[in-house]
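To start, the structure itself, in structure tokens.
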Amino acid sequence: MTAASTTLDPAVYADWLMRLGDNTLILGHRLSEWCGHSPVLEEDIAMANTALDLIGQTQLWLGLAGEVEGKGRTADNLAYLRDASRFRNVLLLERPNGDFGQTLMRQFLFDAFHLELLKSLQTSGDPRVAEIAGKAIKEVAYHLERSADLVIRLGDGTEESHSRMQTALDDLWPYVGEFFVSDDIDKAVADAGIGPDPADLKAAWRQTVDEVLRAATLNVPGEGYVHKGGKRGIHTEHLGFILAEMQFLQRAYPGATW
Amino acid sequence: MYAQMVTSTGKGVQSLEDMSPEERAFQERINRGEKIEPKEWMPDGYRKNLIRQIGQHAHSEIVGQLPEGNWITRAPTLERKAILLAKVQDEAGHGLYLYCAAETLGVSRDELLDKLHSGDMKYSSIFNYPTLNWADIGAVGWLVDGAAIMNQVPLQRTSYGPYSRAMIRICKEESFHQRQGYDIMMKMAFGTEAQKEMAQDALNRFWYPSLMMFGPSDKDSVHSAQSMAWKIKINTNDELRQKFVDQTVPQAKYLGLTIPDENLKWNEEKGGYDFSEPDWTEFFEVIKGNGPCNKERLGARVKAWDDGAWFRDGLMAHAEKQSAAKLAAE
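Structure below.
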């Protein structure tokens, strides 16, 4: 650990790491719901594969969050024994899957942000963070390549696929602003040299998004109202149900090993 | 098995003397252990039989995603979730591999899927049983994948080249799957009282359906005799079932679990266990569509296909636009 990261309050640092791990956990959960139900066999495989990458990243981020927090909690403790108000993922990722277009659009909008975030974290002042980012970025670069490609092909496909993708974009757009809202935790982490100020990632994200959506012949909605709250634990109604399902065994049989 | 009750020509096996010169040459190649490759001559019956068998096997892999997928969102730890995701992804990959093998025989994946969706083609009866507690995921790996391996290991030597090569690859992954299933069973059987109960309950429910996977006795079946002459099938159903029981009983003992069969007894003379036959009436009901999950399983596949039509059409339309643009530029 560097001198910079030691100046950070462990509770604040752990909270920030949970944002990273909860994003990957909740999106991984949503993707895994598609297992066996995708439009074509190749997509079943791709969905499971992407979910698998994200769950692997969750183990690393939440593992580090537990270590930094210093209260002996493991990645599993954090994933399975926190209630909704302790979760720190952005709201976009807990949105229900909708049709396959909604799922792909959500994936693309997040992948484009996720990649910028990881690029920045590769040079984190905490080598543990840089190392996880270095591993995850290879997977996420591929996630983005894939989701961008499908958004383009479906946007510029049939009239129906175009209209579904445009609807997905319009529905999800109010949730992307939350990626870039900085709060005290982000500022403390940025001051400690561990992570970026999220606002600084917006220009690069916007460039990717504009390029892909233009190729997809989709109209980018204007800046409007931004739904937010996930990063400080104020979620939509959907998260409670995700957790009720995900945490069922750990909650019903406390103390068992699996 | 993953392919149960596959019908052949229905005529029984011809003697070499009764065969046409082409058929005789073909049969002699098989007898010598040569592999048959896609573009080579083969009897129509051989081709049809293989399409049915490989197609049914492929369908079983993709329908098989559903009972296990049922627990991915509820897997009890991040590691178990990751392992299960990887496993189900493997099953889908097996499906893809097998559809490709079937395509080398001149049938498209879409045609095979249409037949699955209309009920003309079947998938293994085992996937019409529900996964009700977490130990079921262990039991599926241990017993269902275990039974599948029992059938698929000999099929690595099957006469059709692409099928044989698919089996070699699939068997490697299946043996991992079986080990992960047994690993879950160990955690459950050696865990808390509640976990032990779940493990015993899973074994109780999956034991007989696993025995059914091999299909009814086929020692007198003309379909099986023809399939065996063509080396599309290597062992009889009874041989494989016996081997499975002999392998599984000591594994259950190690776990401290009881196999739900009062007649299970070591038979010194035959060097194997005597055991009760599964309820074949139930088996035929499940095959007919009356199993506990038939409607849900097939319904889920049909819904996925129908709901995904716009997605597939969109990708096709884009590809056509791209190739038209490319042509125009040339």
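Protein sequences appear in the order of chains A and B. Here the first sequence stands for residues 217 to 474, numbered as in this note's numbering. Here the second sequence stands for residues 183 to 512, numbered as in this note's numbering. Glycine included, each C-beta is placed from N, C-alpha and C at the ideal position.
For residue 486 of chain B, the neighbours in chain A by C-beta distance under 8 Å run, in chain order, 252, 253, 254, 255.
For residue 389 of chain B, the enclosing alpha helix (DSSP H) stretches over residues 375-394.
Between the stretch 383-397 of chain B and the stretch 464-471 of chain A there are fewer than three C-beta pairs closer than 8 Å, too few to call the two in contact. Taken through DSSP and simplified to helix, strand or coil, residue 279 of chain B comes out as helix. Shown here, residue 447 of chain B sits in a strand according to DSSP, grouped into three states.
Within the DSSP secondary-structure output, residue 400 of chain A pairs in no beta bridge. Between residue 433 of chain A and the set A:425, A:453, A:440, the nearest pair of CA atoms involves A:425. Annotation for residue 456 of chain B: the continuous beta strand (DSSP E) segment containing it runs 454-456. When Cβ-Cβ separations below 8 Å define contact, residue 358 of chain A makes no contact with chain B. Within the DSSP bridge table, the entry for residue 342 of chain B names B:218 as partners. For residue 306 of chain A, the three-state secondary structure derived from DSSP is coil.
Between residue 331 of chain A and residue 353 of chain A the beta-carbon gap is near 7 Å, inside 8 Å, which marks them as a contact. Cβ neighbours of residue 277 of chain A within its own chain (closer than 6 Å, five residues either side excluded): 233, 236, 237. Annotated as proximal: residue 421 of chain A and residue 328 of chain A, with beta-carbon spacing under 8 Å. Residues of chain A with a Cβ closer than 9 Å to the Cβ of residue 489 of chain B are, in chain order, 253, 255, 315, 316.
Burial state of residue 485 of chain B is exposed, judged by a 10 Å Cβ sphere holding fewer than 16 other Cβ atoms. In this structure, the CA atom of residue 333 of chain B is about 14 Å from the CA atom of residue 308 of chain B. Judged by DSSP secondary structure, residue 336 of chain B falls within the alpha helix (DSSP H) whose first and last residues are 327-337. Residue 249 of chain B is a Cβ neighbour of residue 313 of chain B, given a cutoff of 8 Å.
In this structure, the beta-carbon distance from residue 384 of chain B to residue 328 of chain B does not fall below 8 Å. Under the criterion of beta carbons closer than 8 Å, residue 493 of chain B and residue 370 of chain A qualify as touching, at roughly 7 Å. Contact of residue 496 of chain B with chain A is assigned, a C-beta pair being separated by under 8 Å. The stretch 253-340 of chain A is shown to contain whole alpha helix (DSSP H) runs of 4 or more residues at 257-285, 291-297, 316-337, in chain order. Among the residues of the stretch 236-255 of chain B, those with a Cβ less than 7 Å away from any Cβ of chain A are 244, 247, 248, 251, 254, 255, in the order of the chain.
Selection B:368, B:246, B:425 evaluated against residue 456 of chain B yields B:425 as nearest (Cα-Cα). Between the beta-carbon of residue 299 of chain B and that of residue 487 of chain B there is about 6 Å, and that keeps the pair under the 8 Å contact cut.
Judged by DSSP in its simplified three-state form, residue 446 of chain A adopts helix. At a C-beta separation below 9 Å, residue 242 of chain A has no neighbours in chain B, since its nearest C-beta there lies roughly 11 Å away.
For residue 433 of chain A, no Cβ of chain B is located within less than 8 Å of the residue's own Cβ.
Secondary structure of residue 316 of chain B (DSSP, three-state): helix. Residue 300 of chain A is positioned such that its CB atom lies closer than 8 Å to that of residue 459 of chain A. The DSSP-derived three-state label of residue 364 of chain B is helix.
Neighbours of residue 258 of chain B in chain A, taken as residues at a C-beta separation under 7 Å, are given in chain order as 465, 466, 474. If you look at residue 254 of chain B, you'll find it isn't in any alpha helix (DSSP H); DSSP assigns it neither H nor E.
With 16 or more neighbouring CB atoms inside 10 Å of its own CB, residue 345 of chain A falls in the buried class.
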